[in-house]
């Protein structure tokens, strides 16, 4: 079993690396070329945006943040109304306002936490118009922020949020999604607007099967590190993930854009530096993969899909957690405690390689903190490339790091004190505690996987996780842009880095520091949760 897992992971890793490196060339052009001289088709779209009153000229980082927040909050408001009044707009049953708000926030923040069952709650039109479109806009927002941040590292301004959003949608996400949807459809994932079909079975008689535009939904779900399923069972459902081959392809799709962002960083700031950052991300990732199998690899149980097996399910789930997509190919209850500990660790770090766009930024925040610590050791001013790292950048980076445990542990404590776990469990034991911790960790990391599913459809869980998702998404993004603003204004000079940010020593030092920082912050909470679950 272990040998099978190693071979599986090596194939996923090598395929992702090759495809990610090719894709990184496109992302480099988006950073340094196309925001100034876009392809002709985008110029037409930009002129249309100007005509409806949106400013598409170059903006400051502060204005970039304002445009981003305005767009995203309008998106959340529209999605909430459309879902709460689904019967009026799309047919079907209206969602309660708390569930509609939770779902709108969940998809707009690239989280895709689902307190509903897709095939019984939403119509095909609602899935496509509301959920499907937001699945494009949310990752495009994260990628846009990373483009602006990379520009700051080479001394340029932020650019324009609306231009970056359109460019990311038109030149990256949409083309990749079309190719991926065609491929998945050819491999057995349905693509139709027919909602129900009668199936005659010699074993169970006739029954109605829900269909829809599943292939196109799956494509952006995976490429956009969204993770929300068309069906309640997510990628464990045969129509979302029919075979071992689709399981492999879908695992690669989740890791593709986050990995390509690492290579794009190297294309912008130097290949050796980019390879070093890539090594930091993936050495840490493979440590997490190792942790996931520490409890062993069991045989099949009734919570594992036989067509995928435990190894296939574990690889898919781990890839989803490393990329912050949050899709699952099995119930989390089927996973061994070491796997759950590994999943939580990936969400604590959020940068190995993390979600589309923001995963790279979380990794750079770790790098700034590590450079500061290393520079203190040698008594010199911290520098990154030719940029002096100011005290303000260090403080903002530290705040980014500290926000995450705060918005996980405070609501977890409140939920436990108020006994809100009684919505899904009769007693407080290590498993119940882990379910609560996992729910808020997933919300804070904008991951979306979870134990609760529709059991979380209560006013408390809907509203509390919505607040955590909002804080976990937009506070770090605002801080990233403030850091970028400071870096873009820094005086550059050729000087030796006190802590070299490339090479083997940097990789080892960074991996060790990331593991230490994460362990010091979160290990006690793992110790009383998944590590006590046994099995």
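Residue numbers (our numbering): 61 to 595.
Virtual Cβ for every residue (Gly too), placed ideally from N, Cα, C.
In terms of DSSP beta bridges, what is residue i paired with?
i           : result
residue 557 : Looking at the DSSP assignment, residue 557 forms no beta bridge with any residue, so it has no partner.
residue 258 : 268
residue 119 : 219
residue 447 : 444
Check this for me: beta carbons of residue i and residue j, under 8 angstroms apart or not?
i           : j           : result
residue 259 : residue 271 : no
residue 296 : residue 390 : yes
residue 174 : residue 289 : yes
residue 221 : residue 544 : no
residue 244 : residue 275 : yes
residue 413 : residue 456 : no
residue 310 : residue 376 : yes
residue 346 : residue 578 : no
residue 443 : residue 558 : yes
residue 562 : residue 336 : yes
residue 496 : residue 519 : no
residue 509 : residue 405 : no
residue 419 : residue 384 : yes
residue 291 : residue 517 : no
residue 234 : residue 199 : no
residue 91  : residue 136 : no
residue 593 : residue 397 : yes
residue 638 : residue 464 : The structure shown does not extend to residue 638, since the chain is modelled only from 61 through 595, so no value can be given for it.
residue 327 : residue 85  : yes
residue 447 : residue 332 : no
residue 282 : residue 313 : yes
residue 511 : residue 392 : yes
residue 167 : residue 194 : yes
residue 109 : residue 117 : no
residue 421 : residue 267 : no
In angstroms, rounded to a whole number, what distance separates the CA positions of residue i and residue j?
i           : j           : result
residue 458 : residue 429 : 7 angstroms
residue 209 : residue 80  : 20 angstroms
residue 204 : residue 229 : 10 angstroms
residue 575 : residue 425 : 14 angstroms
residue 169 : residue 262 : 44 angstroms
residue 319 : residue 138 : 32 angstroms
residue 361 : residue 353 : 16 angstroms
residue 128 : residue 87  : 20 angstroms
residue 315 : residue 379 : 7 angstroms
residue 192 : residue 280 : 8 angstroms
residue 493 : residue 386 : 20 angstroms
residue 571 : residue 348 : 12 angstroms
residue 225 : residue 201 : 6 angstroms
residue 307 : residue 368 : 8 angstroms
residue 182 : residue 148 : 13 angstroms
residue 423 : residue 344 : 11 angstroms
residue 253 : residue 400 : 36 angstroms
residue 213 : residue 256 : 52 angstroms
residue 14  : residue 566 : With the chain running from 61 to 595 in the structure shown, residue 14 is simply not present.
residue 155 : residue 180 : 12 angstroms
residue 63  : residue 394 : 20 angstroms
residue 185 : residue 556 : 57 angstroms
residue 61  : residue 373 : 13 angstroms
residue 73  : residue 67  : 10 angstroms
residue 123 : residue 542 : 11 angstroms
residue 585 : residue 356 : 22 angstroms
residue 460 : residue 246 : 43 angstroms
residue 130 : residue 358 : 48 angstroms
residue 612 : residue 250 : Lying outside 61 to 595, the shown extent of the chain, residue 612 is not represented and no answer is given.
residue 483 : residue 524 : 14 angstroms
residue 78  : residue 431 : 30 angstroms
If residue i and residue j are in contact, beta carbons under 8 angstroms, what's the gap, nearest whole angstrom?
i           : j           : result
residue 371 : residue 65  : 5 angstroms
residue 223 : residue 106 : 6 angstroms
residue 143 : residue 160 : 4 angstroms
residue 285 : residue 415 : 4 angstroms
residue 171 : residue 522 : So it is not a contact: roughly 13 angstroms between Cβ atoms.
residue 217 : residue 548 : 7 angstroms
residue 491 : residue 481 : That belief does not hold up - the Cβ atoms of residue 491 and residue 481 are roughly 10 angstroms apart, past 8 angstroms.
residue 322 : residue 334 : 6 angstroms
residue 95  : residue 219 : 4 angstroms
residue 485 : residue 550 : At roughly 51 angstroms, the Cβ-Cβ gap does not stay under 8 angstroms, so residue 485 and residue 550 are not in contact.
(request) Count the CB pairs spanning the region 86 to 101 and the region 335 to 354 that are closer than 8 angstroms, and state whether there are at least three. (result) With a cut-off of 8 angstroms on Cβ pairs, the region 86 to 101 is not in contact with the region 335 to 354, counting fewer than three such pairs.
> Would you call the region 488 to 505 and the region 466 to 477 in contact, with 3 or more CB pairs under 8 angstroms?
Replying inline: Yes, they touch.
*asked:* If contact is defined by three or more beta carbon pairs under 8 angstroms, each pair taking one atom from either stretch, is the region 525 to 532 in contact with the region 434 to 452?
replied: Segments in contact, no.
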